[in-house]
Amino acid sequence: MKKQLVAIALGGALVIGSGAFVYNSYAAESEVPSQVPVETKAGAIDASTAQAPTETPAETVVESSTDIEGLINISDVPAEDIHIPNLAQGASLKTAAAGDVSLKPLNTTALKGENGLVIRQSYRGNDGKEIMVIQTESHMDEQATIESLKDSYKEEKVESTKINDHTAVYVDGQARKVVHLITKDHFYTVSSFNATLDELMEIAKNIQE
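Each residue of the sequence shown is one higher than the one before, starting from 1 at the first, in UniProt numbering.
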């Protein structure tokens, strides 16, 4: 495969794979192997360790946010290019699944490189739940993306549904929940260690193309 999707590990590490196809498993310890090693650059916003699954240990370089190649200010991204809920407006997002729980945007990271624009937004609810939403550009067709996801989550049950007429692939894991939304031009990941799958689905429904 040529240009592949790039994903960002939960907690704040930018994972840039030199064209490698890397998805977020968001597990504390991933047992899912990837087909190619990746280079990891951490420290974009929060201190965390990327859990990009690889067959061989990934090289980890801890840098300040100013050292990350391609890092841009979110204010420089046109509003029409931001599809993550309420990111441009900075408003709180209230989910029907969470009742009276509202989510407020926290840290935002934007990166632009050979794989296109990548935006990562973290949210925190007034109940303490934390959710990560990632927007990347799509470089594969839908079926190829689905197959790659299934391969990435070999140890877990991967299911699919429709959200706003787009295919969504999700994992209802014990350690974390993940929803991947696949559109014609973008690939989105909504994940959390402590939110419910219904809450993640509700956020995915608010993604507008």
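Note that the Cβ used here is the ideal one computed from N, Cα and C, for glycine as well.
The model shown is predicted, which means the values in this text are computed figures rather than measured ones.
In this structure, the straight-line span from the alpha carbon of K177 to that of S192 is close to 6 Å. In this structure, Y153 places its C-beta atom within 7 Å of the C-beta atom of V171.
Judged by DSSP in its simplified three-state form, S148 adopts helix. Separation of N73 and A79 (C-alpha to C-alpha, rounded to the nearest whole angstrom) is 13 Å.
Residue pairing by DSSP places A110 opposite I72 and I119 in a beta bridge. Counting along the chain, the unbroken alpha helix (DSSP H) around D198 starts and ends at L197 to K205. Judged by DSSP in its simplified three-state form, E142 adopts helix. Within the same chain, and ignoring the five residues on either side of K129 in sequence, the residues whose Cβ sits closer than 6 Å to its Cβ are N194 and A195. In the DSSP assignment, I163 forms a beta bridge with H166. One alpha carbon belongs to F187, the other to V133, and they sit about 11 Å apart. Around the beta-carbon of E202, 16 or more other beta-carbon atoms lie within 10 Å, marking it buried.
Around the beta-carbon of A110, 16 or more other beta-carbon atoms lie within 10 Å, marking it buried. Rounded to whole angstroms, the separation of the alpha carbons of H139 and K104 is 30 Å. N206 sits close to P85, with the two beta carbons spaced by under 7 Å.
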